[in-house]
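Novice: So that we are looking at the same thing, I have put the structure below in structure tokens.
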Amino acid sequence: VLREPPVQLPAEADASGEVQAAGVWHELAERAAVLGVLERVAADNMRVLLGISQFSTSLMQTVSALSEQLETQYVFLRRLREGTKDEAGVWDDEATAALGLDAQAKVGEAAGSRVFWGAFHQVDPLVSVLGRALLAMAKTALRCADARALSVLLDAWRQTVDGVAARHAANAALMEGLAQTAGALRQLCAAGDDAQQAQVRKALDAQAFTELLSLTEENLLSFHAPLRRSTLQLLAYFDAPLLESPGASSETCGMVALALQLEETEAGFDTYKERMNYLRRMAVLAVGGRVSRACVRVFPYVALAQLSVNMRPVWGEAATQLARLTESSEGGELLWTSVWHVLHMFSDERRLVARGLTPAARRWLGMRRALCDAQTAYDAASAAKLDGRALECPN
């Protein structure tokens, strides 16, 4: 099954971005099931590892090719839209949905400058299978536990981080697969030679931590708890940056470790106080002035994400700890920048319903939206005029 040609996704999708061809989803589920069997098969582990690696490489090439094609089409269609504003039908929601683009983005605005690779996107299932393949590869490499397995794992890590993660970091399965791969690299580092050990240390050093944090920090704002947790698990395997100090200091920043402990603590009536205790410790660290600017953003992002936890006592405590940012000189700017970032993330309303709703609910929302759009157009056409302008709400 894994040797079959890479799956091709159809070009058509409905208004919510749901791929219509059920056969594609069945094929992806079948390949994911095969990967699950390979994790437990009693065979030559190195042969299994090489087979999964070959499949992962083919899948990465497919994802990268589709992503580049969509980005090229996106730029072309945005230019076409700018030049044909008076020709209705050249640019419509159906064409936008078929490409999985951001329908709400306005030409010339920052939100329209790139494709939004959200959970509704048609490439997302392929990225999820890639994350599952990385998970199987990491577990199989740990059973091999030799320098050859470490080399295969290093190649997979570089290809994924450099080629796929930059666009699809919002995929929870990919973050989980990368986290398991990073953990396996840490464990297998001693089995490699000096050159391989140096490569592992460079791949997981503090500089690489800062670069990956810039790609994945939006995940910490997500209302999807598994995405926040898998992202923090991935960041925790990197070397944490040192705390800033007037003199030489070897004390590392524990912001990510505290955030991971918070997310791994269940938000129940008997455990939410322990969860909030980690948030208070993060606040103390954030206002202390010794955390780097890149790492300090972890605190407001994680605190804002607690407002999506379904437990009222958590909300008040999260707001209280966020207010403590104003105690530092740059904390106020950081607080409001983070809040604005959250609002900007959901400028496209489809991001609010990307996860959690059934396909039937998404179709219903799509029909309701079409009816509302039709009613709005009718009301605008028949609205009263004042000085040549229609009295209509811009929302």
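Count the sequence shown with this note's numbering and you get residues 59 to 453, in order. Using N, Cα and C, we set each Cβ at its ideal position, and we do this for glycine too. Since the structure is predicted, the reported quantities are computational estimates derived from the model, not experimental observations.
1) Let's test the definition: count the other Cβ atoms within 10 Å of the Cβ of residue 88 and tell me whether it reaches 16, buried, or not, exposed.
2) In the DSSP output, which residue or residues are listed as bridge partners for residue 310?
3) Quick one: is residue 257 buried, meaning 16 or more other Cβ sit within 10 Å of its Cβ, or exposed?
4) Thinking C-alpha only, which one of 391, 217, 277, 343 is nearest residue 233?
5) Under three-state DSSP, which class holds residue 122?
6) If you draw a straight line from the C-alpha of residue 459 to the C-alpha of residue 365, how long is it?
7) If you reduce the DSSP assignment to three classes, tell me which class residue 348 lands in.
8) In the structure shown, what three-state DSSP assignment does residue 391 receive?
9) Report yes if the C-beta distance between residue 193 and residue 238 is below 7 Å; otherwise report no.
10) Tell me the rounded alpha-carbon separation between residue 36 and residue 236.
11) Does the stretch 245-255 touch the stretch 326-338, meaning 3 or more C-beta pairs lie closer than 8 Å?
12) Which residue from 216, 231, 213, 199 puts its Cα closest to that of residue 183?
13) Buried or exposed: residue 321, going by 16 or more other Cβ atoms within 10 Å of its Cβ?
14) Pairing CB atoms from the stretch 111-118 with CB atoms from the stretch 216-230, are three or more of them under 8 Å?
15) To the nearest angstrom, how far is it from the Cα of residue 325 to the Cα of residue 102?
16) For the candidate residues 391, 347, 328, whose alpha-carbon lies nearest to that of residue 371?
17) In its own chain, which residues sit with a C-beta less than 8 Å from the C-beta of residue 363, not counting the 5 before and 5 after it?
18) So is residue 291 buried or exposed if we call it buried at 16+ other beta carbons inside 10 Å?
19) Keeping to the same chain, check which residues put their C-beta closer than 6 Å to that of residue 384; ignore five residues upstream and five downstream.
20) Could you name the residues of the same chain whose beta carbon sits closer than 8 Å to that of residue 308, not counting the 5 residues immediately before and after it, in chain order?
21) If you follow the alpha helix (DSSP H) that residue 211 is in, where does it begin and where does it stop?
22) Can you give me the C-alpha to C-alpha distance between residue 313 and residue 201, rounded to a whole angstrom?
23) Between which residues of its own chain and residue 245 is the CB-CB distance below 7 Å, once the five residues before and five after are set aside?
24) What are the boundary residues of the alpha helix (DSSP H) that residue 239 is part of?
25) Does residue 277 come out as helix, strand or coil in the three-state DSSP assignment?
26) Give the single residue among 298, 393, 110 whose Cα lies nearest to the Cα of residue 190.
27) In whole angstroms, what separates the C-alpha of residue 142 from that of residue 197?
28) What is the rounded straight-line gap between the Cα of residue 122 and the Cα of residue 221?
29) Tell me which same chain residues have a C-beta within less than 6 Å of the C-beta of residue 293, skipping the five on either side of it?
30) Would a check of beta-carbon distances place residue 206 closer than 7 Å to chain C?
31) For the candidate residues 396, 181, 223, 261, whose alpha-carbon lies nearest to that of residue 208?
32) Closer than 6 Å by C-beta to residue 373: which residues in its own chain qualify, once you throw out the five before and the five after it? Chain order, please.
33) I need the DSSP call for residue 252, collapsed to helix, strand or coil.
34) Measuring alpha carbon to alpha carbon, tell me which residue in 317, 338, 378, 375 is nearest residue 353.
35) Would you decide whether residue 228 is buried or exposed? Buried here means 16 or more other CB atoms lie within 10 Å of its CB.
Specialist: Well, looking at it:
1) exposed
2) 300
3) buried
4) 277
5) helix
6) A question about residue 459 goes unanswered here, because the residues of the chain that appear run from 59 up to 453.
7) coil
8) helix
9) yes
10) This structure cannot speak to residue 36, because the chain is shown only from 59 to 453.
11) no
12) 231
13) buried
14) yes
15) 42 Å
16) 328
17) 278, 279, 280, 281, 286
18) buried
19) 390
20) 300
21) 205-221
22) 32 Å
23) 200
24) 230-246
25) helix
26) 110
27) With a pLDDT of 47 at residue 142, under the threshold of 50, the modelled position of this residue cannot be trusted; read the value that follows with caution. Their Cα atoms are separated by approximately 53 Å.
28) 7 Å
29) 314
30) Among the chains in the structure shown there is no chain C, since it carries only a single protein chain.
31) 261
32) 365
33) helix
34) 317
35) buried
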